[in-house]
Structures are given as C-alpha cells and as structure tokens.
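The next block holds one structure in the form of structure tokens; read it before the comments.
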DNA sequence: GTGTTATTGAATTTGAATTATCATTAGTGT
DNA sequence: ACACTAATGATAATTCAAATTCAATAACAC
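Residue numbers (the numbering used here), protein chains in the order written: chain A, -19 to 110; chain B, -19 to 110.
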C-alpha cells in the first residue's frame, strides 16, 4: 500500500470517520465498510483499507490486535483501557479502566514494556436475541 | 483438514510431542517443525499441522491465540496462567499466575466467560544479544 | 469554470498460513 | 512375515486479509 497520508477531504473518508465516531467501538474493515455505506452508498472495501491506513498514519485511528481475528481500529487518544469480544457475534467493545493491580512477575532477565487484556463473553445484543 | 484423531504412534508424532515438552513454552507450527526435526530429520510441515490438529483434538495440546500473530500451541492441563510475547523475536513464554485481582466491570447486559492477558517486552535472550 | 492530480471503484494480485491431494511409506494386528 | 490401511512427504490448492493496478472520477487551487 502507498504509505502517503491522503490529504483530500473526500466524502468517503468523511463517511469512514463518521462510522468510527458513531460506532464508538473498535471496528474491523468490514464493519467500517458497512458503517461508511450509511453515508456513501457504494464505498469500496479498497477505499476502506486505504483510508484506515491513512488514518492510522495520521494517528486519528489506532490498531487493536485481536487474538485469532483480524485487526480492529478505534479512534485514537483514549485513556488506557482494554477490550471485550463477544464470542457469539465477534464484535469488540471498549472496557473502562484496567484490572491489572500489580506488575506481572516476569522470568529472570525479561523486560516489561506493555500489556493487553481481553475479556470474552456475550454482549447485550446477543444475550437478548438468544 | 481431516478431523479424525491420528491413533498410530509414529516417530514424527513422538518427535512433535517431544518438541513441545522440551520447549516448555507455546510453539508456532514453524517452531514445532524445527523442534521435531531434532529427532526426525525430514518432517514435513504438513505433518506438523496434521499432528497439531490431532493433538488439540485429543486435548494433549491447547491453542494459544496471539494478537496479531498466528496461533501457538502448548501442552494442555496447566494451571490458569497467561503469556508473554517478546517484541523482538516474537517467541511466546508462559507467565505464572494471574494479575487480575477483580472481575472486570462490563457494560450493562454483558456476560463474562473468560479473559486473556498478554504481556509484551523483551525476553532474556534478546536482551543479552543486543 | 478549468486544469491538475489525488482518490476512488472494481477487479486482480499478492502473501502467508493452512489444508488437500496422492503416491509412497510404515504402524499394527494377526 | 504378511496384509491392511493410516500416516507421511512433497507439492499443489485453497483461503482470506490486505495491497496493487489502472481507468474514471472528483477535490481543490487558481
């Protein structure tokens, strides 16, 4: 992919930004496509990938790596938090705060730089529709 | 992939089991290949995949989903623990215990079933060789 | 409005991880 | 040892996310 930031304000890029703001949870490229198509009928998935890459580069989005699934993206600049994934519909949601009370004990010679925490379960929508 | 458990005791399967026992950390299929080849010179990567699938099915191995990387596998039946991934060499290591003190607070209507915790940093080998 | 050129859409291609194919090899019960 | 057939090895095929291609379109500076 070209690594340059896309500078023009296109309807598509605006629709993609709106999709992330409206969802208020980490979205996969496919989910971002569905969200963006609410504003622009025929956005291409390629445009989604291009603009996500651009928005990540300009630090408007950050990447959320999900174990065993494709990456999600969320609006950048939020406070330290972690994520919840519904084991039924695979949507990812934001969790407030952090349950880590103490620095994890690492083996001798290991250095800590960061941590990620994932909670699994059923989201409200899936619980209601079952 | 065929879903049947492989029941015969082949040199290759034994070598694969030995690789996991010796490593004592979650291995990727590629890592398992390298480990198994210490006992059997020309194991095929296809055999690694077949036997890992079989060993997972017979619950001798469990899958470790790693954010942003391919799955690792570890010997099953261990106590609750989490994992460390070296950001330099990408190896995954086992961490003793669990730093989660309190159940995470979930949004209204969400149900908890499990959690995963990943610590990132530099492993001892990489710290020494830098 | 016009011209320039970045961006898009649609389809194709890539790359990697994993799975399938099939002839050959080797476990296993007898 | 023999027969049966599961497992292997080597490679091809598949999958799927992500990147690329290129002609058509549309931002934006003037």
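The C-beta atom is built at its ideal place from N, Cα and C for all residues, glycine as well.
To the nearest angstrom, how far is it from the Cα of residue i to the Cα of residue j?
i	j	result
residue 101(B)	residue 21(A)	44 Å
residue 52(A)	residue 70(A)	11 Å
residue -19(A)	residue 24(A)	Confidence at residue -19(A) is low in this model, with a pLDDT of 45, below 50, so its placement is unreliable and no value can be given for it.
residue 33(B)	residue 41(B)	9 Å
residue 73(A)	residue 1(A)	13 Å
residue 104(A)	residue 5(A)	14 Å
residue 64(A)	residue 92(B)	9 Å
residue 7(A)	residue -4(A)	11 Å
residue 99(B)	residue 107(A)	31 Å
residue 29(A)	residue -16(A)	13 Å
residue 54(B)	residue -14(B)	18 Å
residue 48(B)	residue 48(A)	8 Å
residue 77(A)	residue -11(A)	34 Å
Which partner residues does residue i have in the DSSP bridge list?
i	result
residue 94(B)	100(A)
residue 86(A)	Answer is none; residue 86(A) lacks a bridge partner.
residue 74(B)	63(B)
residue 42(B)	54(B)
residue 47(A)	47(B)
residue 7(A)	53(A)
Taking residue i as the query, report the chain B residues whose CB atoms sit under 9 Å from its CB, ordered along the chain.
i	result
residue 7(A)	Under the 9 Å cutoff, chain B gives no residues; its nearest Cβ is about 16 Å from residue 7(A).
I'd like to know whether the C-beta of residue i is nearer than 8 Å to at least one C-beta of chain B.
i	result
residue -6(A)	no
residue 89(A)	yes
residue 82(A)	yes
residue 63(A)	no
residue 4(A)	no
residue 98(A)	yes
residue 46(A)	yes
residue 95(A)	yes
residue -11(A)	no
For residue i and chain A, any beta-carbon pair shorter than 8 Å?
i	result
residue 76(B)	yes
residue 107(B)	yes
residue 101(B)	yes
residue -2(B)	no
residue -19(B)	Confidence at residue -19(B) is low in this model, with a pLDDT of 48, below 50, so the placement of that residue is unreliable and no value is reported for it.
residue 51(B)	yes
What does residue i reach in chain B if we use C-beta pairs closer than 8 Å?
i	result
residue 85(A)	75, 76 and 77
residue 104(A)	87, 88, 89 and 90
Check the Cβ of residue i against every Cβ in chain A and list those closer than 7 Å, keeping chain order.
i	result
residue 67(B)	93
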